[in-house]
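Right, one structure below, let's go through it.
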Amino acid sequence: MSNTALCLPRVCPAPSDAAVVGLDRWPLHQPAELVGLAPASGDEQARTLHRLAEVGFLPGETLRVISRGWLRGGPMAVRVGQSTFALRSHEAALLQVRALRGAD
4 MSNTALCLPR VCPAPSDAAV VGLDRWPLHQ PAELVGLAPA SGDEQARTLH RLAEVGFLPG
64 ETLRVISRGW LRGGPMAVRV GQSTFALRSH EAALLQVRAL RGAD
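When we follow this note's numbering, the leftmost residue of the sequence shown carries the number 4, and every step to the right adds one.
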């Protein structure tokens, strides 16, 4: 099993600028740039992606995971702009992010 599989989201360092991952795997309090949305694999995912885009989850936006539910796969609080949203893990996985360029 690789170290990545054992890494807990709360303690993992932010991926390098080149690494793109689902927001569900992003560490707490680390700014991220939304680079794209995962392709929808069905009508339900397409509706979810549409809803996320409508509320402001658009490529180029800066995101930050500010809290996670106690159970893995539970809801997480995500900040985009001046708004905070609760996302389920499967919704966050559709948002593809990377480290902000120039972030410390």
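We put the beta carbon where it would ideally sit given N, CA and C, even for glycine.
Rounded distance between the beta-carbons of residue j and residue i, thought under 8 Å
{"i": "residue 89", "j": "residue 78", "result": "5 Å"}
{"i": "residue 26", "j": "residue 68", "result": "7 Å"}
{"i": "residue 66", "j": "residue 22", "result": "About 15 Å; that fails the 8 Å criterion."}
{"i": "residue 37", "j": "residue 61", "result": "7 Å"}
Alpha carbon of residue i to alpha carbon of residue j, nearest angstrom
{"i": "residue 55", "j": "residue 73", "result": "23 Å"}
{"i": "residue 59", "j": "residue 48", "result": "17 Å"}
{"i": "residue 24", "j": "residue 30", "result": "11 Å"}
{"i": "residue 28", "j": "residue 71", "result": "11 Å"}
{"i": "residue 50", "j": "residue 87", "result": "20 Å"}
{"i": "residue 43", "j": "residue 85", "result": "27 Å"}
{"i": "residue 53", "j": "residue 45", "result": "12 Å"}
DSSP state of residue i mapped onto helix, strand, coil
{"i": "residue 48", "result": "helix"}
{"i": "residue 64", "result": "coil"}
{"i": "residue 37", "result": "strand"}
{"i": "residue 91", "result": "coil"}
{"i": "residue 28", "result": "helix"}
{"i": "residue 75", "result": "coil"}
{"i": "residue 80", "result": "strand"}
From the options, residue whose alpha carbon lies closest to that of residue i
{"i": "residue 91", "options": "81, 99, 53", "result": "81"}
{"i": "residue 100", "options": "52, 69, 63", "result": "63"}
{"i": "residue 75", "options": "85, 93, 32", "result": "93"}
{"i": "residue 40", "options": "32, 57, 30", "result": "57"}
{"i": "residue 105", "options": "70, 53, 71, 33", "result": "33"}
Residue-level contact to chain C via CB, residue i, 8 Å cutoff
{"i": "residue 54", "result": "No chain C appears in this structure, which consists of one protein chain only."}
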